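See below for the structure under consideration.
Residue numbers (my numbering): 270 to 747.
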């Protein structure tokens, strides 16, 4: 007699989902409190139902609860919709599912767990709404590799116009925290992102955000703790402003990478990074473009090059650096590292200003600017740039800062309207690494050797003994 009621309870528990209360134009979403054999029930169907019912001229309110997301979501095409997140959304750590079902974002063969977009849309978190990507499972799976196909961007804004997101936080993102694609007039303010591994595996590729094929995008009041770019500007982005941003242990504030795909030029212009603080970051205010000669492309955007276009009218203003590895740089061979192809880019970089850049670098290199000799960079300006090595603050001898230049228009002009504003202390090699691990005296000697000495022998030549020439190691020319 007890068998039938028991089966009914089990059936209900195995199919139970959250529910939606529709008050006319407002849909309130509540999670299911039951479990399926001890596991949280998927709340994705209820969330999608709410957007279906109230996504046009309405409101979707995710109440102050925990919502479990076990499936991909596409909530684009919203119209005059206000979204509120009062609780936490937690994505499952079912890695095989996400690898097989995440939506393609087209760019670099990447994918996403959630497409979100529409016209005249708000998304408010009130300082308490949070996305939890269960990222530790991905960091463990990835094992410090660059990436794998299907690893999803947490949140992608797609085909949006007049969208404002405010007061939302991210924790343990699966991949990039966010991505803005093919959108116009998007603002994201009062954002907090923290992806921190609890073991030895790094949070590789946890960018704060990236823009692509978008214009009029405004980032204000952000704090990002991640393992890659803080706020990156990809191709065909115009009028992107980032203001009052603090980034910990990131790869800094880059334009790029651009110029990856032959036949698909990237145009980037009118970019402002202002009032930025970078702490313990590998890079600072920089531009990264691919070489001009295409090379093999992996299945997840790992290499390529050969694309054209331009980058112009970029301003990095009011930066405070604390222990930054490579504060200022331009490279046009970002992932090539082959001197024979590194000077082939035809992507023009022009009119870039670094203004009021202060603080400390981890090494003695303040700037490395290597523009392609096929398209030297005009209009590069350095105004009130004052960077010192962190050695002084640690009680160690402070090395003089070095600025390295190559193919800058007017790079040797020190006075007048055409002066760049910094002295060039030496030549910037075309295959300079994106992340520095040495001070310049050692790094310089390694680069000099790079053309004539096999890779396996270069480290030996960094300490060749009292007679470098006898050891076959060229002395530094300056």
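Ideal placement from N, C-alpha and C gives every residue a C-beta, glycine not left out.
Owing to the predicted nature of the structure, the values given are computational and were not obtained by experimental measurement.
Counting only the same chain and skipping the five closest in sequence on each side, list residues whose C-beta sits under 6 Å from that of residue 557. Residue numbering aside, residue 557 sits at position 288 when the chain shown is read from its first letter. Taken in chain order, the residues that qualify are 523, 525, 526, 600, 603.
Do the CB positions of residue 614 and residue 685 come within less than 9 Å of each other? Locating residue 614 in the chain shown gives position 345, where the first residue counts as 1. Locating residue 685 in the chain shown gives position 416, where the first residue counts as 1. No, these two residues do not count as a Cβ contact at 9 Å.
So if DSSP puts residue 479 in a beta bridge, which residue, or which two residues, is it bridged to? Start at 1 with the first residue of the chain shown, and residue 479 comes out as number 210. Partner(s): 448, 501.
I need the boundaries of the beta strand (DSSP E) containing residue 438, first residue and last residue. Here residue 438 refers to the residue found at position 169 of the chain shown. Start and end: 430-440.
If we count the other Cβ atoms within 10 Å of its Cβ and call it buried at 16 or more, is residue 287 buried or exposed? Start at 1 with the first residue of the chain shown, and residue 287 comes out as number 18. Buried, by the Cβ-count rule.
Helix, strand or coil at residue 410 [DSSP, three-state]: One-based indexing of the chain shown puts residue 410 at position 141. DSSP places residue 410 in helix when its eight states are reduced to three.
What three-state label does DSSP hand residue 381 in the structure shown? Taking the first residue of the chain shown as position 1, residue 381 is located at position 112. Strand.
Quick one: residues in its chain with C-beta nearer than 6 Å to the C-beta of residue 402, no 5 flanking neighbours on either side, listed in chain order? What you label residue 402 is simply residue 133 of the chain shown in a count that begins at 1. So the list reads 360, 423, 441, 442, 443, once near-sequence residues are dropped.
Going by DSSP in three states, residue 492 sits in which element: helix, strand or coil? Here residue 492 is taken as the residue at index 223 of the chain shown, counted from 1. In the structure shown, residue 492 sits in a strand (DSSP, three-state: E or B).
Round the Cβ separation of residue 632 and residue 547 to the nearest angstrom and send it over; I've been treating them as touching at under 8 Å. Here the question's residue 632 lines up with position 363 in the chain shown. Here the question's residue 547 lines up with position 278 in the chain shown. The Cβ separation is near 15 Å, so there is no contact.
In chain order, what residues of the same chain lie with their CB nearer than 8 Å to the CB of residue 530, ignoring the 5 residues before and after it? Taking the chain shown and counting its residues from 1, the one referred to as residue 530 is at position 261. 573, 575, 576.
Comparing C-alpha positions only, which one of 674, 420, 347, 474 sits nearest to residue 689? Numbered from 1 along the chain shown, position 420 holds the residue referred to as residue 689. When each option's Cα is compared against that of residue 689, the closest is 674.
Starting from residue 327, follow its DSSP beta bridges and name the residues at the other end. Taking the first residue of the chain shown as 1, we reach residue 327 at position 58. Residue 327 is bridged to 350.
Quick one: using the 10 Å Cβ neighbour count with 16 as the cut-off for buried, is residue 724 buried or exposed? Looking up residue 724 in the chain shown gives position 455. Confidence in residue 724 is poor, its pLDDT being 41 and thus under 50, which makes the residue's placement unreliable; the coordinate value appears in the next sentence. Exposed, since its Cβ has fewer than 16 Cβ neighbours within 10 Å.
Reference residue 639, options 698, 663, 666, 428, closest by Cα: To locate residue 639, count along the chain shown from 1; it is residue 370. Of 698, 663, 666, 428, the residue nearest in Cα terms is 698.
Under 8 Å: do the stretch 320-327 and the stretch 289-297 share three or more Cβ pairs, one atom per stretch? yes
DSSP on residue 673, reduced to helix/strand/coil? As a position in the chain shown, residue 673 is number 404, starting the count at 1. Strand at residue 673.
What are the boundary residues of the alpha helix (DSSP H) that includes residue 366? Here residue 366 refers to the residue found at position 97 when the chain shown is read from its first residue. Taken as a continuous stretch (DSSP letters only), the alpha helix (DSSP H) holding residue 366 covers 364-370.
Same chain, Cβ closer than 6 Å to residue 620, neighbours up to 5 away in sequence not counted: In the chain shown, residue 620 corresponds to position 351, counting from 1. Excluding sequence neighbours, residue 620 sits near 581, 582, 648.
Bridge partners of residue 688, per DSSP? Translated into positions along the chain shown, residue 688 becomes position 419. Residue 688 pairs with nothing; no bridge assigned.
Three-way DSSP call (helix, strand, coil) for residue 559 in this model: What you label residue 559 is simply residue 290 of the chain shown in a count that begins at 1. If DSSP states are grouped into helix, strand and coil, residue 559 belongs with coil.
Residue 635 (DSSP reduced to helix, strand or coil): Along the chain shown, one-based indexing puts residue 635 at 366. The answer is strand: DSSP assigns residue 635 an E or B state.
Using DSSP bridges, identify the partner residues of residue 581. Within the chain shown, numbered from 1, the residue matching residue 581 stands at position 312. Per DSSP, 538, 619.
Return helix, strand or coil for residue 335, following the three-state DSSP convention. Taking the first residue of the chain shown as position 1, residue 335 is located at position 66. Strand at residue 335.
Do residue 550 and residue 519 have their C-beta atoms closer together than 9 Å? On the chain shown, position 281 is the one that residue 550 refers to. On the chain shown, position 250 is the one that residue 519 refers to. Contact: yes.
Could you give the DSSP three-state label for residue 427: helix, strand or coil? By 1-based counting over the chain shown, the position of residue 427 is 158. Correct three-state label for residue 427: strand.
Do you know how far the Cα of residue 617 is from the Cα of residue 746? Numbered from 1 along the chain shown, position 477 holds the residue referred to as residue 746. Numbered from 1 along the chain shown, position 348 holds the residue referred to as residue 617. Caution applies to residue 746, whose pLDDT of 26 falls short of 50 and renders its modelled position unreliable; the model cannot decide the point.
Exposed unless 16 or more other CB atoms sit within 10 angstroms - verdict on residue 253: A question about residue 253 goes unanswered here, because the residues of the chain that appear run from 270 up to 747.
Could you please give the first and the last residue of the uninterrupted beta strand (DSSP E) stretch that includes residue 525? The sequence position of residue 525 within the chain shown is 256, counting from 1. Note, residue 525: beta strand (DSSP E), 522-527.
C-alpha distance - residue 596 paired with residue 628, whole-angstrom precision: The residue labelled residue 596 in the question sits at position 327 within the chain shown. The residue labelled residue 628 in the question sits at position 359 within the chain shown. The alpha-carbon atoms of residue 596 and residue 628 are separated by roughly 9 Å.
Would you give the residue range spanned by the beta strand (DSSP E) that residue 707 belongs to? What you label residue 707 is simply residue 438 of the chain shown in a count that begins at 1. No beta strand (DSSP E) holds residue 707; DSSP gives it neither H nor E.
Roughly how many angstroms lie between the CA atoms of residue 462 and residue 687, to the nearest whole one? In the chain shown, residue 462 corresponds to position 193, counting from 1. In the chain shown, residue 687 corresponds to position 418, counting from 1. One C-alpha to the other measures close to 41 Å.
What is the residue span of the beta strand (DSSP E) that residue 510 lies within? For the purposes of this step, residue 510 is identified with residue 241 of the chain shown, where counting begins at 1. Looking at the DSSP string, the run of the beta strand (DSSP E) that includes residue 510 is 506-517.
How would you write the range of the beta strand (DSSP E) that residue 683 sits in, first residue to last? Here residue 683 refers to the residue found at position 414 of the chain shown. That residue, residue 683, is in no beta strand (DSSP E); it is neither H nor E in DSSP.
Return the bridge partner residues of residue 358 from the DSSP annotation. For the purposes of this step, residue 358 is taken as residue 89 along the chain shown, with counting starting at 1. Paired residues: 336, 400.
Could you give the C-beta distance for residue 504 and residue 476, rounded to a whole number, given that I count them as a contact under 8 Å? In the chain shown, counting from the first residue as 1, residue 504 sits at position 235. In the chain shown, counting from the first residue as 1, residue 476 sits at position 207. With a Cβ gap of about 15 Å, residue 504 and residue 476 do not count as contacting.
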